[in-house]
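Here the structure comes first, spelled out in structure tokens, and everything after it is commentary.
2 protein chains.
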Amino acid sequence: MTTSSTDDWLSQLHANGYRLTAPRRIVIDIVAQSQRVLSPAEVHRLARKRYPAIGLVTVYRTLEKLEELSLIQRVHQPGGCHAFIAAAEGHQHLLICQQCGLAEYFSGDNLDPLMANIGRDTGYIIKEHWLQFFGLCEDCRK
Amino acid sequence: MTTSSTDDWLSQLHANGYRLTAPRRIVIDIVAQSQRVLSPAEVHRLARKRYPAIGLVTVYRTLEKLEELSLIQRVHQPGGCHAFIAAAEGHQHLLICQQCGLAEYFSGDNLDPLMANIGRDTGYIIKEHWLQFFGLCEDCRK
DNA sequence: GCCTTATTGAAAACAATTGTCAATAATGGC
DNA sequence: GCCATTATTGACAATTGTTTTCAATAAGGC
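Chains as they are written, first to last, in the numbering used here: chain H, 4 to 145; chain X, 4 to 145.
Listed below in structure tokens is the structure:
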């Protein structure tokens, strides 16, 4: 059990009527503190080190609640879409290391003019956009 | 069996040593002519109308070969990542209708300066990027 | 501390995809 | 055009990732 964001997430779960159980606290701490994207299976593996009896199903159920409260978001990658990471404040985009999964948020794109053009040209109403960068983080370049 | 791109795909399969069978021709025609993203199950459903004996496994295997030859690409969406569509020439991005799956390619983004900034700020080497727009097509807006 | 009821873990169910295998059919050589 | 080789097919089984079911447990308001 570590710092702020973990406690914040626990408060939010509690505020929404969910109970704070030992397995749930561990899953939350792992995901809240992780700098890298994690799949349910990876979360489970990490969680078992601290709480051997925890079931994979509990991991899935906890992730489901975290996603419902917008505390985490699913991460899509060329290799698969089974990973999660702490959600960003506001509208942010992800830069992900293809090697180790280390993730950073960034903003600063201005796609509005492009979206306006494309919308006009195609007749679509554009409602949402995805922008993601993939690469190698400082450690993995070496 | 329809126009040009279908025949082009068949030639390419043949050129790569794959045989042109009846079920394969039908899957290829369906995907090559489709304006919308299709899941393997949808391709199978459509293919059975023309060739009732076709198995879902054959659809999977044909899609696998088309992807290997870069004739199709997998499409990632918020709701799932099981769809495919004919690949674009050059580097293009997708605009997809959230309702019916109708897809259009577009280009014209210039993300190089942003990528350079982010790369410098984070220490990552950026190798790849994804940009996708989601919305409602002209028909589905109504 | 008690009582209600959400949560748990185990097992089963389910869905999407991949592997196995004998029968079939496409292709290149004749 | 016919044959032999061998890729491909469809049925079935196996796998993988995820969800459901259910009795036992434990969280949290009182």
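Built from N, CA and C at the ideal position, the CB exists for glycine as well.
- Restricting attention to X:116, X:136, X:94, X:90, the CA atom closest to the CA of residue 38 of chain X is found in X:90.
- Residue state for residue 63 of chain H is assigned as helix, using DSSP reduced to three classes.
- Note: residue 80 of chain X is bridge-paired with X:83 in the DSSP secondary-structure output.
- With a contact defined as Cβ atoms closer than 8 Å, residue 134 of chain X and residue 130 of chain H miss out at about 15 Å.
- In the displayed model, residue 23 of chain H falls within coil according to three-state DSSP, outside both helix and strand.
- Annotation for residue 13 of chain H: 23, 28, 31 place their beta carbon closer than 7 Å to its own, counting only its chain and skipping 5 residues before and after.
- Neighbourhood of residue 84 of chain X in chain H, by CB distance below 7 Å: 79, 84, in chain order.
- Excluding the 5 residues flanking it on each side, residue 65 of chain H has same chain C-beta neighbours closer than 8 Å at 26, 27, 30, 31, in chain order.
- The beta carbon of residue 108 of chain X does not come within 8 Å of any beta carbon belonging to chain H, so the residue lies off that interface.
- Scanning its chain for C-beta atoms nearer than 8 Å, with the 5 sequence neighbours on each side dropped, one finds around residue 112 of chain X the residues 96, 134, in chain order.
- A straight-line Cα-Cα distance of about 43 Å links residue 69 of chain X and residue 52 of chain H.
- For residue 45 of chain H, no chain X residue has a Cβ inside 8 Å of its Cβ, as the nearest lies near 19 Å away.
- Partner residues in the beta bridge of residue 108 of chain X, as assigned by DSSP, are X:97.
- The beta carbons of residue 71 of chain H and residue 126 of chain X sit about 34 Å from each other, so the pair does not count as a contact at 8 Å.
- Considering only H:35, H:109, H:132, H:104, the residue with the shortest C-alpha distance to residue 73 of chain H is H:35.
- Interface with chain H (8 Å Cβ-Cβ cutoff): residue 94 of chain X is excluded.
- DSSP places residue 58 of chain X outside any beta strand (DSSP E), giving it a letter other than H or E.
- Between residue 7 of chain H and residue 115 of chain H, the alpha-carbon positions lie close to 35 Å from each other.
- Residue 50 of chain X places its beta carbon 8 Å or farther from that of residue 75 of chain X.
- Distance from the CA atom of residue 80 of chain X to the CA atom of residue 132 of chain H, rounded to whole angstroms, is 10 Å.
- Straight-line spacing of the CA atoms in residue 99 of chain X and residue 41 of chain H works out to 27 Å.
- At a Cβ-Cβ threshold of 8 Å, residue 109 of chain H and residue 121 of chain X count as neighbours.
- Take the alpha-carbon of residue 86 of chain H and the one of residue 145 of chain H: they are about 25 Å apart.
- Per the coordinates, the alpha-carbon of residue 45 of chain X lies some 24 Å from the alpha-carbon of residue 21 of chain X.
- If you draw a straight line from the Cα of residue 59 of chain X to the Cα of residue 48 of chain X, it is about 9 Å long.
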